[in-house]
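Undergrad: For reference, the structure I am asking about is given below.
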Amino acid sequence: MGVEVVVDGLTKSFGRQVIWEDVSLTLPAGEISVLLGPSGTGKSVFLKTLVGLLRPDRGHIWIDGHDLATYKENTLYELRRLFGVLFQDGALFGSLNLYDNIAFPLREHTRKSETQIRQIVMEKIDLVGLLGAESKLPGEISGGMRKRAGLARALVLEPEIILFDEPDSGLDPVRTAFLNQLIVDINADIEATFLIVTHDINTARTVPDDIGLLFRRELVMFGPREMLLSSDEPVVRQFMNARRHGPIGMSEEKDVSELEAEARMGHDPGVLPPIPPQLMPSGGGIRRTQRPPGEWLAANGVTPPEGSFVDEQGRDWLREYPRLLKAHLHGVT
């Protein structure tokens with residue numbers, strides 16, 4: 004079961020360069036959150052700060068009653084066991100096979116026997132779909148398989164918080180789709196708190212319960228998926244819909260003259276595309292923390308764009324979800 008992470012007034016800089024400042028958000032326990040932002044806005048720095056690898060200049064990171072931002076290194080060592088991290092490239096040891104890579108945290112941080120370690124490692128290998136590949140070296144497998152092996156290693160210590168640093172980096176759209184489904188399935192299974200840093204808009208639109216966006220050294224918005232997908236905030240609308248028109252330019256942000264030129268041209272920000280259904284667990288059922296489609300929109304009097312919540316098979320999830328929920332509550336999958 005995941006734990007809540009409360010970030011309050013967090014600021015980080017390197018010398019005179021402010022990366023971001025006064026960032027406040029709450030990662031709800033057991034939910035999947037996504038953090039977006041143009042390149043260079045400090046998303047990976049934020050992950051490293053959360054896990055205590057970097058010290059914030061000021062602010063607090065409350066986890067299970069502890070302010071991680073104030074802890075010394077020897078105390079942080081224990082708190083870091085709450086975390087599992089999937090790095091961009093998997094960060095596997097090239098000289099170790101997948102089994103030994105995944106077993107490494109257990110051998111390093113626990114006193115479990117090799118029999119116990121094997122049971123845990125093989126369970127995680129099965130969970131990520133790598134049975135039969137455990138004897139292979141990282142250089143002998145595809146990028147997608149390395150990501151899954153890295154995820155298995157992140158899971159072996161049973162973390163309550165899992166951080167994903169651009170898990171889709173270097174993957175083609177099909178393998179990204181498979182990885183996204185795996186992330187949703189694992190969240191449904193272990194109910195840990197997930198935070199995913201990504202540039203992939205399809206991932207952001209279909210996977211998370213909550214979305215945040217970093218821009219111009221601040222957190223522009225953080226909240227339920229439907230809130231950001233229906234937002235009129237210019238930078239949110241531009242980024243979530245991959246448009247050229249808006250505050251974001253090639254070098255992170257456009258200057259005043261560019262923005263004034265766009266305003267004079269009177270460009271329309273465009274019609275919002277339909278809000279897609281959220282990705283469901285592949286085994287059927289509903290994740291415990293999943294919200295009904297349209298719930299935030301209805302509560303806030305927002306009308307979704309036409310065609311929202313209809314999947315590729317033509318199913319309308321505003322109607323399908325209540326049926327699935329009823330079946331789920333009665334133990335039917």
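First residue of the sequence shown: 4, per the working numbering; consecutive thereafter.
For each residue, glycine too, the CB sits at the ideal point set by N, CA and C.
Rounded to whole angstroms, what's the CA-CA distance from V259 to R19? Just pull it up for me.
TA: As a working mapping, residue 259 is identified with position 256 in the sequence shown. As a working mapping, residue 19 is identified with position 16 in the sequence shown. Any reading at V259 must be qualified, since the residue scores a pLDDT of 49, below 50, and its modelled position is unreliable; no value is offered.
Undergrad: Given a cut-off of 9 Å on the beta-carbon distance, is the pair D175 and Q91 in contact?
TA: Indexing the sequence shown from 1 puts residue 175 at position 172. Indexing the sequence shown from 1 puts residue 91 at position 88. Against a cut-off of 9 Å, the Cβ pair of Q91 and D175 comes out as no contact.
Undergrad: From what residue to what residue does the beta strand (DSSP E) around H2 run?
TA: Since the first and last residues shown for the chain are 4 and 336, residue 2 lies out of range.
Undergrad: Please report the residue range of the alpha helix (DSSP H) in which L332 lies.
TA: Taking the sequence shown and counting its residues from 1, one reaches residue 332 at position 329. Here the alpha helix (DSSP H) through L332 covers 320–332.
Undergrad: Give the single residue among A302, G287, G310 whose Cα lies nearest to the Cα of Y324.
TA: By one-based count along the sequence shown, residue 324 stands at place 321. For the residues A302, G287, G310, the minimum Cα distance to Y324 belongs to G287.
Undergrad: Compare the C-beta of G40 against all C-beta atoms of chain D and say whether one is closer than 9 Å.
TA: The structure shown contains no chain D; it holds only a single protein chain.
Undergrad: Could you spell out the range, first to last residue, of the beta strand (DSSP E) harbouring I289?
TA: Translated into the one-based positions of the sequence shown, residue 289 becomes position 286. From DSSP, I289 is part of no beta strand (DSSP E); its letter is neither H nor E.
Undergrad: If we ignore side chains and look at the alpha-carbon of each, how far apart do I193 and I22 end up?
TA: On the sequence shown, residue 193 is found 190 positions in, with the first residue counted as 1. On the sequence shown, residue 22 is found 19 positions in, with the first residue counted as 1. Whole-angstrom Cα-Cα distance: 33 Å.
Undergrad: Taking DSSP as the reference, what is the three-state secondary structure of S47?
TA: Here the question's residue 47 lines up with position 44 in the sequence shown. It is helical.
Undergrad: Taking 6 Å as the limit between beta carbons, can you name the residues of its chain near M4, skipping five residues before and five after?
TA: Walking along the sequence shown from the start, residue 4 turns up at place 1. E194.
Undergrad: Which two residues bound the contiguous alpha helix (DSSP H) that contains V124?
TA: Residue numbering aside, residue 124 sits at position 121 when the sequence shown is read from its first letter. 117–130 is the span of the alpha helix (DSSP H), which, as asked, contains V124.
Undergrad: How about A152 and L95: do their beta carbons lie closer than 9 Å?
TA: The sequence position of residue 152 within the sequence shown is 149, counting from 1. The sequence position of residue 95 within the sequence shown is 92, counting from 1. Closer than 9 Å, so yes.
Undergrad: Going by DSSP, which residues form a beta bridge with E221?
TA: For the purposes of this step, residue 221 is identified with residue 218 of the sequence shown, where counting begins at 1. F218.
Undergrad: So what does DSSP say about I278, is it helix, strand or coil?
TA: Taking the first residue of the sequence shown as 1, we reach residue 278 at position 275. Three-state DSSP puts I278 in coil, outside helix and strand.
Undergrad: For R61, name the three-state secondary structure that DSSP assigns.
TA: As a first step, residue 61 must be located in the sequence shown, where it is residue number 58. Here R61 sits in strand by DSSP.
Undergrad: Can you give me the C-alpha to C-alpha distance between I66 and K139, rounded to a whole angstrom?
TA: Mapped onto the sequence shown, residue 66 falls at position 63. Mapped onto the sequence shown, residue 139 falls at position 136. The straight-line gap from Cα to Cα measures roughly 37 Å.
Undergrad: Helix, strand or coil, according to DSSP, for T14 in the structure here?
TA: Position 11 of the sequence shown, counting from 1, holds the residue named residue 14. DSSP places T14 in strand when its eight states are reduced to three.
Undergrad: Could you have a look at D188 and say whether DSSP puts it in helix, strand or coil?
TA: Position 185 of the sequence shown, counted from the first residue, corresponds to residue 188. Correct three-state label for D188: helix.
Undergrad: By the 10 Å Cβ neighbour count, where 16 or more other Cβ atoms means buried, how is N77 classified, buried or exposed?
TA: Residue mapping note: residue 77 aligns to position 74 of the sequence shown, counting from 1. Burial call: exposed.
Undergrad: Cα separation between T336 and P308?
TA: In the sequence shown, counting from the first residue as 1, residue 336 sits at position 333. In the sequence shown, counting from the first residue as 1, residue 308 sits at position 305. Since pLDDT at T336 reaches only 47, below the 50 mark, its modelled position is unreliable, and the value read off the structure follows with that caveat. T336 and P308: Cα-Cα distance of roughly 30 Å.
Undergrad: Determine the DSSP secondary structure at V259, reduced to helix, strand or coil.
TA: As a position in the sequence shown, residue 259 is number 256, starting the count at 1. Residue confidence for V259 is low, a pLDDT of 49 falling below 50, so the modelled location carries little weight; the figure read from the coordinates is stated next. V259: helix per DSSP, three-state reduction.
Undergrad: Do L216 and V223 have their C-beta atoms closer together than 9 Å?
TA: If you number the sequence shown from 1, residue 216 lands on position 213. If you number the sequence shown from 1, residue 223 lands on position 220. Result yes, Cβ atoms of L216 and V223 sit closer than 9 Å.
Undergrad: Distance, Cα to Cα, D319 vs L328?
TA: Translated into the one-based positions of the sequence shown, residue 319 becomes position 316. Translated into the one-based positions of the sequence shown, residue 328 becomes position 325. Computed Cα separation, rounded: 14 Å.
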